[in-house]
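Counting in my numbering, the sequence shown runs from 15 upward without gaps. In this text, a Cβ means the ideal position worked out from N, Cα and C, and glycines have one as well. Note that the structure is a prediction, hence the values are computed from the model and not measured. Data block below; observations after.
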Amino acid sequence: MNQSIELTKPQEPWIGPRGRIGVVIPSTNTGVEYDCQQFIVPGVTWHFARFWINQPELTSDDMFMAFIEAIRPTIPLAMRDILTAEMDYIMMGMSAETFWGGLEGNAEFVERLRDVMGPDMGLTTGANAVQAALAKFEVKNISVVSPYQPIGDKQVLRFFEESGFNIINNIGLR
Numbered sequence: 015m016n017q018s019i020e021l022t023k024p025q026e027p028w029i030g031p032r033g034r035i036g037v038v039i040p041s042t043n044t045g046v047e048y049d050c051q052q053f054i055v056p057g058v059t060w061h062f063a064r065f066w067i068n069q070p071e072l073t074s075d076d077m078f079m080a081f082i083e084a085i086r087p088t089i090p091l092a093m094r095d096i097l098t099a100e101m102d103y104i105m106m107g108m109s110a111e112t113f114w115g116g117l118e119g120n121a122e123f124v125e126r127l128r129d130v131m132g133p134d135m136g137l138t139t140g141a142n143a144v145q146a147a148l149a150k151f152e153v154k155n156i157s158v159v160s161p162y163q164p165i166g167d168k169q170v171l172r173f174f175e176e177s178g179f180n181i182i183n184n185i186g187l188r
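Structure, rendered in C-alpha cells:
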C-alpha cells in the first residue's frame, strides 16, 4: 500500500495542544489502551486505531505464523485511519511484527508504515523502543520473557542478538 495521507487543513489544537499520540493496536488487545490512559500528561492526548485480528488463537507455531501473515495487510489500514485525526506521533501498540526478521525486518516494517504516514512524523515500534531503552542504560546482558510461540521467540531473540545484546535466558509464557 503506497498511499500517503496529505492533510490540507490543520485542526485547531484545543484537544491535545502539546501533542496527539496515535496508537495502533490489534482489535483483540484490551491492555494497551488502558495502560496508555494511565499516563496522563496535561495537554497530550492518546488516540487509538485498531487493526483487525481474525486469528485470536495463537497456540501453535502455525497459528502464530498465520496471525503474523494476517495482520500485515491490516496495519496500514489502521494507520491510514488514525492519520485523519492529525497525529503528531505514532506508537505501535503491539510488538510481534516489529521484531520479525531481526533488524532488517523491523526496518522494512517501519518503511511500510512510512509509505502510509510519510517521512516526517515520529514513529515508535516495540522493537525500536526496547532497543533504545536498553542502549540508554548501557545494558549488554538481557533475559527475555515472551508471550509468543517458539517461532515468535526466535524472531525476538534474533532481533536482540543482531542488536548486540547477550541473551542470558529466554522464558516463554505460553
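- By the neighbour-count criterion, in which a residue is buried when 16 or more other Cβ atoms sit within 10 angstroms of its Cβ, Gln52 is exposed.
- Straight-line spacing of the CA atoms in Met79 and Arg188 works out to 15 Å.
- Between the alpha carbons of Leu117 and Gly57 lies a distance of about 34 Å.
- Note on geometry: alpha-carbon atoms of Met106 and Ile29 lie some 21 Å from one another.
- Pairing Gly136 with Ser177, the inter-Cα distance amounts to about 21 Å.
- Beyond the five residues adjoining it in sequence on each side, Asp167 comes within less than 7 Å, by CB distance, of Ser160, Asn184 and Gly186 in the same chain, given in chain order.
- Ranked by Cα distance from Asp95, the first of Met77, Asp76, His61 and Gly140 is His61.
- In the displayed model, Asn142 falls within a helix according to three-state DSSP.
- Annotation for Thr88: Phe65 and Trp66 place their beta carbon closer than 7 Å to its own, counting only its chain and skipping 5 residues before and after.
- Around the beta-carbon of Asn120, 16 or more other beta-carbon atoms lie within 10 Å, marking it buried.
- In terms of Cα proximity to Ile54, the closest of Ala63, Thr44, Pro164 and Gly33 is Gly33.
- Trp114 is the residue among Pro133, Trp114, Gly132 and Asp49 whose C-alpha sits nearest the C-alpha of Glu175.
- Cβ neighbours of Ala99 within its own chain (closer than 6 Å, five residues either side excluded): His61.
- Rounded to the nearest angstrom, the gap between the Cα atoms of Gln163 and Arg172 is 14 Å.
- The C-alpha of Asn180 lies about 13 Å from the C-alpha of Gln145.
- Ile182 and Asp75 do not touch by the CB rule: their CB atoms are close to 24 Å apart, not below 8 Å.
- Selection Ala110, Leu97 and Arg128 evaluated against Ala84 yields Ala110 as nearest (Cα-Cα).
- Under the criterion of beta carbons closer than 8 Å, Met131 and Pro40 do not qualify as touching, at roughly 18 Å.
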